[in-house]
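Sequential numbering of the sequence shown, starting at 79, is according to my numbering.
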Amino acid sequence: MKKIRLGVNIDHVATVRNARGEKYPSPLRAAILAEKYGADSVTIHLREDRRHINDNDLKSINSKLKIPLNLEIAATNEMLKIALRHKPSFICIVPEKRKEITTEGGLNLNFNKIFLKKIIYKLKKNKSRVSLFIEPNQSDIKKAKLLNADCIEIHTGRFCNLVNQNKNFKNELNKIKKAVTLGNKIGLEVHAGHGLTYKSVKILSKTKGIKEFNIGHFLIGDSIFVGFANSIKHFKKIIK
Ligand code: PXP
């Protein structure tokens, strides 16, 4: 059986750098170290407002990384052009709102379907693996298949919030489980991410059929206390 992959999201290394307008801490250094410490891929989100990762980060990381780079982008013409130029191995299309603190929900697949289909077609033709970041609901999974995505990434934010608040997460977990089952059944590779901690990923990793977890904020935060290597290794151990 194929192992479950860990994608390390390093956006918040750039957040810390940008807080002071300095050159450090370097996202490139974080990407190279993530690779060294066992990450299976590195994720960066090039936001339209460039609030963390910027175009130079993308260029340098994409040219130096040996493991796959997973580039998260909004479905816009600007981002499509950038993604086609850099040809990262993996692309995840995410919704984006200027005012949100983080990606608050999954994509609205009823909106701009024709444009989404065109973007997916072009990115796949350019040899990038394309994933859609969606809520764990059955109709969006079917729509993702119709749009011809390779993968779906299930937004785990609501589930993680419930776990963090020690609230009942059973309904949310069931939705995710059903989403994973349907995704696998119709031939989509299923990933999960957003808000994951050691505790929430431990619960989710018992769900068979999730092939990749993408984890950032908690992992970067815990690195302050336990070190980047240890945080990555701990996540790897939990999901294996
Ligand atoms: N997956 C996707 C598609 C995301 O947009 C994000 C946040 O950028 C993550 C995973 C990682 O979320 P977190 O930083 O909360 O671990």
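Every residue, glycine too, gets a C-beta built ideally from N, C-alpha and C.
Because the structure is a prediction, the values reported are computed rather than measured.
1. Taking the continuous beta strand (DSSP E) assigned at residue 267, which residues delimit it?
2. Indicate, with yes or no, if the ligand PXP has a heavy atom lying under 7 Å from the CB of residue 259.
3. Within 8 Å, do at least three Cβ pairs link the segment 177-196 to the segment 133-143?
4. Is there at least one non-hydrogen atom of the ligand PXP closer than 7 Å to the beta-carbon of residue 313?
5. Quick check on the DSSP output: what are the complete beta strand (DSSP E) runs of length 3 or more inside the segment 187-269, in order along the chain?
6. Which full runs of the alpha helix (DSSP H) of 4+ residues lie inside the segment 91-144, going along the chain?
7. Compute every distance between the C-beta of residue 149 and the non-hydrogen atoms of the ligand PXP, then say whether any falls below 7 Å.
8. Reducing DSSP to helix, strand and coil, say where residue 397 ends up.
9. Under the three-state reduction of DSSP, which class applies to residue 82: helix, strand or coil?
10. Round the Cβ separation of residue 87 and residue 293 to the nearest angstrom and send it over; I've been treating them as touching at under 8 Å.
11. Would you report the Cα separation of residue 28 and residue 236, rounded to the nearest angstrom?
12. If I'm right that residue 206 touches residue 173 with Cβ under 8 Å, what's the distance once you round it to whole angstroms?
The structure says:
1. In the DSSP annotation of this structure, the continuous segment of the beta strand (DSSP E) that includes residue 267 starts and ends at 267-271.
2. With a cut-off of 7 Å, the C-beta of residue 259 is classified as distant from the ligand PXP, since no heavy atom of the ligand falls inside that distance.
3. Remark: fewer than three beta-carbon pairs, one from each stretch, lie closer than 8 Å, so the segment 133-143 and the segment 177-196 are not flagged as touching.
4. Every heavy atom of the ligand PXP is 7 Å or more from the Cβ of residue 313, so no.
5. Runs of beta strand (DSSP E) with 3 or more residues, each lying fully within the segment 187-269, are found at 207-212 and 229-233, listed in chain order.
6. Runs of the alpha helix (DSSP H) inside the segment 91-144: 105-114 and 133-142.
7. Result no, Cβ not under 7 Å from the ligand PXP.
8. Residue 397 lies beyond the stretch modelled for the chain, which goes from 79 to 318, so this question has no answer here.
9. The answer is coil: DSSP assigns residue 82 none of H, G, I, E or B.
10. In this structure residue 87 is in contact with residue 293, their Cβ atoms being roughly 6 Å apart against a cut-off of 8 Å.
11. The requested residue 28 does not occur in the structure, where the chain is confined to residues 79 to 318.
12. 19 Å between Cβ atoms; not a contact.
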